[in-house]
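Protein chains: 2
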Amino acid sequence: MLDRLSHVSIVVPDLEAAAERLAHAYGMVAGEILVNHEQGVRITYVTLANAKIELMQPLAMETPLGRFLQRNPGGGLHHISFAVDSVAEVSATLENSGVKTIGSATAKNVHGEPITFIHPKEFLGVLVELEEKPSDLPHDPN
Amino acid sequence: MLDRLSHVSIVVPDLEAAAERLAHAYGMVAGEILVNHEQGVRITYVTLANAKIELMQPLAMETPLGRFLQRNPGGGLHHISFAVDSVAEVSATLENSGVKTIGSATAKNVHGEPITFIHPKEFLGVLVELEEKPSDLPHDPN
Chain A
1 MLDRLSHVSI
11 VVPDLEAAAE
21 RLAHAYGMVA
31 GEILVNHEQG
41 VRITYVTLAN
51 AKIELMQPLA
61 METPLGRFLQ
71 RNPGGGLHHI
81 SFAVDSVAEV
91 SATLENSGVK
101 TIGSATAKNV
111 HGEPITFIHP
121 KEFLGVLVEL
131 EEKPSDLPHD
141 PN
Chain B
143 MLDRLSHVSI
153 VVPDLEAAAE
163 RLAHAYGMVA
173 GEILVNHEQG
183 VRITYVTLAN
193 AKIELMQPLA
203 METPLGRFLQ
213 RNPGGGLHHI
223 SFAVDSVAEV
233 SATLENSGVK
243 TIGSATAKNV
253 HGEPITFIHP
263 KEFLGVLVEL
273 EEKPSDLPHD
283 PN
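Residue numbers (the numbering used here), protein chains in the order written: chain A, 1 to 142; chain B, 143 to 284.
Laid out in structure tokens, this is it:
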């Protein structure tokens, strides 16, 4: 059900500076900067061989992401995301296990794909995102 | 250089309870529990299609992991780990970029493979582990 990691997400205070830091120090190249107004966030991705790193900068401080940044001014790990075939089906299966997903049933990621979240209390203290078939999920070439 | 995610690591207060929770609610099966006395931690892994989830329970509270647990009693995301061909070579390359790795030069993970860490201040607020060729790193079958 949750057997494929899509990405690890990091909140940063300055997206351009974060991308520049990863490029300069680690040779990691971030893609174009996308804006998800619904989620209130600017986003870019570093594509690895087998998953992605998501960098997120909140558009406003009075949002959950903005408050995360207030608690972690330098940035930090925010959530992990699994790729699933159907967010609706996995959500229903989880509901049967007593795990409620959170967020709007029509929520979409920056690529327009359905997403939902599992509250940290339900997953060992970790915020978990479910993404429906991320179209550009890298496949491991090895 | 850092293009392959090995695992995402979660600190938990009770390893058996965490494994049971993942199995019951999500159908995720954790492997055997291993003990890394050098790192002061009990560990188990959930193997996904393209990476692993590491669950860690500190052996003592007066350790960095124990203090993390004191700050996050329910557990939480602790670090991400990249698989690299040579920890020594990557460490030297990073040093040339002005990024110091931390920890003993002879540190090993629970599988006996060389590891090192990059301080969160060097990587967008995220603690990063480098692991040398994890022998059981799953390959994406797709």
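Note that CB positions come from ideal geometry on N, CA and C, so glycine has one too.
| the stretch 26-36 of chain A / the stretch 46-66 of chain A touching (three or more Cβ pairs under 8 angstroms) | yes
Coarse secondary structure for residue 263(B), derived from DSSP in three states:
Here residue 263(B) refers to the residue found at position 121 of the second sequence. Helix, per DSSP.
Measure from the C-beta of residue 227(B) to each C-beta in chain A and report whether the shortest distance is under 8 angstroms. Mapped onto the second sequence, residue 227(B) falls at position 85. Judged by the 8 angstroms Cβ criterion, residue 227(B) is not in contact with chain A.
Practice task
Would you mind sorting residue 109(A) into buried or exposed? The rule is 16 or more other CB atoms within 10 Å of its CB.
Solution key: For this step, residue 109(A) is matched to residue 109 along the first sequence. By the 16-neighbour rule on beta-carbons within 10 angstroms, residue 109(A) is buried.
- [ ] Could you work out which residues of chain B lie near residue 67(A), taking near to mean beta carbons separated by less than 9 angstroms?
- [x] Translated into positions along the first sequence, residue 67(A) becomes position 67. What residue 67(A) touches in chain B: nothing, since even the nearest Cβ is about 15 angstroms away.
Quiz item: Does the beta-carbon of residue 264(B) have 16 or more other beta-carbons within 10 angstroms, so that it is buried, or is it exposed?
Solution: Here residue 264(B) is taken as the residue at index 122 of the second sequence, counted from 1. Buried, since its Cβ has 16 or more Cβ neighbours within 10 Å.
Expected contact under 8 angstroms - CB spacing of residue 199(B) and residue 145(B) to nearest Å
In the second sequence, counting from the first residue as 1, residue 199(B) sits at position 57. In the second sequence, counting from the first residue as 1, residue 145(B) sits at position 3. A Cβ-Cβ distance of about 30 angstroms is found for the pair residue 199(B) and residue 145(B), leaving them out of contact under the 8 angstroms criterion.
Cβ of residue 192(B) within 8 angstroms of any chain A Cβ:
One-based indexing of the second sequence puts residue 192(B) at position 50. Closer than 8 angstroms to some Cβ of chain A, the Cβ of residue 192(B) qualifies, so yes.
Taking C-alpha atoms, which residue in 38(A), 43(A), 39(A) and 1(A) lies nearest to residue 19(A)?
-> Within the first sequence, residue 19(A) is the residue found at index 19, counting from 1. Comparing Cα positions, the closest option is 43(A).
Strictly under 8 angstroms for the Cβ-Cβ distance: is residue 234(B) near chain A by that measure? As a position in the second sequence, residue 234(B) is number 92, starting the count at 1. So no, residue 234(B) is outside the interface.
Query raised in the report: residue 15(A) CB to nearest chain B CB: under 8 angstroms?
Result: To locate residue 15(A), count along the first sequence from 1; it is residue 15. False, the Cβ-Cβ gap to chain B never drops below 8 angstroms.
- Three-state secondary structure assigned by DSSP to residue 96(A): As a working note, residue 96(A) is residue 96 in the first sequence. DSSP places residue 96(A) in helix when its eight states are reduced to three.
Look at residue 114(A) and residue 89(A) and say whether their C-beta atoms are less than 8 angstroms apart. The sequence position of residue 114(A) within the first sequence is 114, counting from 1. The sequence position of residue 89(A) within the first sequence is 89, counting from 1. Not closer than 8 angstroms, so no.
Going by the C-beta, is residue 271(B) closer than 7 angstroms to any heavy atom of the ligand NAD? As for the ligand NAD, it is missing from this structure, which has no ligand bound.
* Asked: Is it right to say residue 222(B) is buried, meaning 16 or more other beta carbons lie within 10 angstroms of its own, or is it exposed?
  -> Residue 222(B) sits at position 80 when you count from the first residue of the second sequence. By the neighbour-count rule (16 or more Cβ atoms within 10 Å), residue 222(B) is buried.
Exercise for the section: Kindly indicate which three-state DSSP category residue 188(B) falls into: helix, strand or coil? Expected result: Taking the second sequence and counting its residues from 1, one reaches residue 188(B) at position 46. Looking at residue 188(B) - three-state DSSP - the assignment turns out to be strand.
query = Beta-carbon separation of residue 67(A) and residue 266(B) under 8 angstroms?
reply = Within the first sequence, residue 67(A) is the residue found at index 67, counting from 1. Within the second sequence, residue 266(B) is the residue found at index 124, counting from 1. No, Cβ-Cβ distance for residue 67(A) and residue 266(B) is not below 8 angstroms.
Practice task
Determine the direct distance from the alpha carbon of residue 52(A) to that of residue 5(A), and round the result to whole angstroms.
Solution key: Here residue 5(A) refers to the residue found at position 5 of the first sequence. Here residue 52(A) refers to the residue found at position 52 of the first sequence. Straight-line Cα distance between these residues: approximately 9 angstroms.
Contact with chain A by residue 184(B), beta-carbon distance below 8 angstroms: In the second sequence, residue 184(B) corresponds to position 42, counting from 1. Proximity of residue 184(B) to chain A, defined by a Cβ-Cβ separation below 8 angstroms, is not satisfied.
Inset, instruction - Consider the Cβ of residue 108(A): report whether some Cβ of chain B lies at a distance smaller than 8 angstroms. - result: Stepping through the first sequence from its first residue, residue 108(A) is reached at position 108. False, the Cβ-Cβ gap to chain B never drops below 8 angstroms.
Residues in the stretch 17-29 of chain A with C-beta within 8 angstroms of chain B's C-beta atoms, listed in sequence order?
The stretch 17-29 of chain A vs chain B, Cβ under 8 angstroms: 18, 21, 22, 24, 25, 26, 27 and 28.
- Query: Between which two residues does the beta strand (DSSP E) carrying residue 200(B) extend?
  - Reply: Mapped onto the second sequence, residue 200(B) falls at position 58. Counting along the chain, the beta strand (DSSP E) containing residue 200(B) begins and ends at 194-200.
| query | Using the C-alpha atoms, what's the distance from residue 126(A) back to residue 181(B)? | reply | Taking the first residue of the second sequence as position 1, residue 181(B) is located at position 39. Taking the first residue of the first sequence as position 1, residue 126(A) is located at position 126. Taking the straight line joining both Cα atoms gives about 22 angstroms.
- Task: Run down chain A in chain order and give the residues with a C-beta less than 9 angstroms from the C-beta of residue 263(B).
- Result: As a position in the second sequence, residue 263(B) is number 121, starting the count at 1. 74, listed in chain order.
**Prompt:** What residues in its chain sit with their C-beta under 6 angstroms from that of residue 34(A), if we drop five residues either side in the sequence?
**Reply:** Residue 34(A) sits at position 34 when you count from the first residue of the first sequence. These residues qualify, in order along the chain: 43 and 110.
Next on the checklist: I'd like the list of long-range same chain contacts for residue 262(B), defined as Cβ closer than 7 angstroms, with 5 residues on each side in sequence excluded.
Outcome noted: Start at 1 with the first residue of the second sequence, and residue 262(B) comes out as number 120. Correct list, in chain order: 268 and 269.
Q) Skipping 5 residues on each side, what residues in its chain have a beta carbon closer than 7 angstroms to that of residue 65(A)? A) Here residue 65(A) is taken as the residue at index 65 of the first sequence, counted from 1. So the list reads 11, 40, 41, 56 and 58, once near-sequence residues are dropped.
- prompt: In the structure shown, what three-state DSSP assignment does residue 246(B) receive?
  reply: Numbered from its first residue, the second sequence carries residue 246(B) at position 104. Correct three-state label for residue 246(B): coil.
_Within 8 angstroms of any Cβ in chain A, is that where the Cβ of residue 213(B) sits?_
Numbered from its first residue, the second sequence carries residue 213(B) at position 71. Cβ-Cβ to chain A under 8 angstroms: no for residue 213(B).
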